[in-house]
Amino acid sequence: MKCSIKDCSGDCQIREITHTVRHHGQVVVIDHVPADVCSVCGDVVLSPETVRHIEQLLRTADRPAREVPLYEYA
Ligand SMILES: [Zn+2]
71 MKCSIKDCSG
81 DCQIREITHT
91 VRHHGQVVVI
101 DHVPADVCSV
111 CGDVVLSPET
121 VRHIEQLLRT
131 ADRPAREVPL
141 YEYA
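Numbering-wise, our numbering comes out as the position in the sequence shown, counting from 1, plus 70.
Structure below.
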């Protein structure tokens, strides 16, 4: 798949990424999310099915598989 970023000539390939979302004001990290990642600019595109799956996961999962350290940049 061609990259959707204007003037980028890269191709997107399916990779597993670590996706971060804000859910009810909390930072939630989801590991091993399949996404189209551009090999040139690194643009990440999630398919509608993947987005739906993540929304469902956030609604139904009660305990995270693991907890990760979270640091503030400032
Ligand atoms: Zn690109």
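C-beta: ideal position from N, C-alpha, C; glycine also. Quantities reported herein were computed from a predicted structural model and do not represent experimental measurements.
Relative to the C-alpha of residue i, which residue among the options is closest?
i, options, result
"P139", "R85, C82 and V97", "V97"
"V110", "S117, M71, C78 and Y143", "C78"
"R92", "A144, R136, R133 and I124", "I124"
Identify whether residue i lies in helix, strand or coil by the three-state DSSP scheme.
i, result
"I75", "coil"
"P134", "coil"
"V110", "coil"
"R139", "Per the sequence shown, the amino acid found at residue 139 is Pro instead of Arg. Three-state DSSP puts P139 in coil, outside helix and strand."
Which residues in the same chain as residue i place their Cβ atom closer than 6 Å to its Cβ, once the five residues preceding and following it in sequence are excluded?
i, result
"C108", "C73, G80 and C82"
"V103", "I87 and H89"
Take residue i and list the residues in its own chain whose beta-carbon comes closer than 8 Å to its own, dropping the five residues that flank it on each side.
i, result
"L127", "I100"
With DSSP as the reference, identify every bridge partner of residue i, one or two as the case may be.
i, result
"T90", "V99"
"Q83", "V107"
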